Ligand SMILES: [Mg+2]
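In the working numbering, the protein residues as written are 17 to 223.
The following block contains the structure:
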């Protein structure tokens, strides 16, 4: 397990785990937290994940990679979605290198049109469609939905290289007990068929 302490984010685990729509933002589209920026965290985390992408590429492997949207590819600032450059750049690099690249979001399926528009605006090179943009269906909670989508991806391509997001459910299930939940960034390595690595960015909520 790899953790990093470079910020001062705090977590509210109850809030993180209690609801599939734990949004503290004003928009009903968004499923994640809002956000005070944590700019120091993105360069080292994206570099860390990029290293694993390039290692796999050097080994001529193309495992799938999974990205969350809110507070991962974009910050939610009021009504605006502001791209997080380092994460968008990592995403593009995965697409360019030919890795099966997926977006798994807890945004509800009913917001597909708006979310597709957002993803298109990031100009990542990924064709955004029902295969690559996996959303939460009606009646599903975020944890189950994301787990099921990752299972589908792993069944299709094999073990996922990493899943990155700002919620614990982005890391996968059965997170080891000794994970430091207070660390601003947490990377967990798994030994299972579905997921090799889960990376958690801060859930910082509104100021
Ligand atoms: Mg999120």
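Even for Gly, the Cβ is constructed at its ideal location relative to N, Cα and C. These numbers come from a predicted model, not from an experiment.
{"Check": "Under 8 Å by Cβ, that's how I've got residue 143 and residue 118 pegged, so tell me the actual separation to the nearest angstrom.", "Outcome": "That pair is no contact at about 12 Å."}
{"Check": "Counting along the chain, where does the alpha helix (DSSP H) carrying residue 218 start and finish?", "Outcome": "Segment: none, residue 218 is in no alpha helix (DSSP H) and carries neither H nor E."}
{"Check": "What did DSSP end up calling residue 153 once you bin it into helix, strand or coil?", "Outcome": "coil"}
{"Check": "Spell out the partners DSSP gives residue 90 in its beta bridges.", "Outcome": "86 and 99"}
{"Check": "I need the boundaries of the alpha helix (DSSP H) containing residue 64, first residue and last residue.", "Outcome": "58–74"}
{"Check": "Are the CB atoms of residue 125 and residue 166 nearer to each other than 8 Å?", "Outcome": "no"}
{"Check": "Extract the residue ranges of the alpha helix (DSSP H) inside the stretch 101–147, only unbroken runs of 4 or more that lie entirely within it.", "Outcome": "101–112 and 128–137"}
{"Check": "Count the CB pairs spanning the stretch 204–221 and the stretch 57–74 that are closer than 8 Å, and state whether there are at least three.", "Outcome": "yes"}
{"Check": "Evaluate the contact criterion for the stretch 169–178 versus the stretch 127–136: three or more CB pairs, one atom per stretch, below 8 Å.", "Outcome": "no"}
{"Check": "Taking buried to mean at least 16 other C-beta atoms within 10 Å of its own C-beta, is residue 170 buried or exposed?", "Outcome": "buried"}
{"Check": "Using the DSSP secondary-structure output, state which residues sit across from residue 181 in a beta bridge.", "Outcome": "216"}
{"Check": "At what residues does the beta strand (DSSP E) containing residue 203 begin and finish?", "Outcome": "201–205"}
{"Check": "Could you say which of 160, 141 and 99 lies nearest to residue 115 if we only look at CA atoms?", "Outcome": "141"}
{"Check": "If you compare alpha carbons, which of 210, 108 and 209 is closest to residue 137?", "Outcome": "108"}
{"Check": "Smallest Cα separation from residue 87: which of 152, 198 and 101?", "Outcome": "101"}
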